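In our numbering, the protein residues as written are 1240 to 1300. Where a beta carbon is used, it is the ideal one built from N, C-alpha and C, also for glycine. The structure presented is a predicted model; accordingly, all values stated were derived computationally and were not measured. Taking it in order: structure first as structure tokens, then the write-up.
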Amino acid sequence: MVPLLLLFLFFTFFGAGAATWCVVRSDASEQTLQAALDYACAAGADCAPIQSSGLCYLPNV
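Below you can see the structure in the form of structure tokens.
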């Protein structure tokens, strides 16, 4: 799970202008994904598109 988190953080901070996307591993737990998102968003990443009012928001239904 650590490599997934590091990859996510790398692309979050350094790939914003390069239009690089990060895809979560299919076996990653929801808790791990949420922790990575919480960390990245708290560290200054632009998480507006995935907030409830953002264009990329997809509720967990």
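Check	Outcome
Within the continuous alpha helix (DSSP H) that includes CYS1280, where are the two ends?	1269 to 1281
If ALA1281 sits next to LEU1243, beta carbons under 8 Å apart, how far is it from one beta carbon to the other, in whole angstroms?	The Cβ separation is near 18 Å, so there is no contact.
Have a look at SER1291 and ASP1277 and give me their C-alpha separation to the nearest angstrom.	15 Å
Look at the alpha carbon of LEU1272 and the alpha carbon of ARG1264, and state the distance between them as a whole number of angstroms.	10 Å
Give the secondary structure of ALA1287 by DSSP, where H, G and I count as helix, E and B as strand, and everything else as coil.	helix
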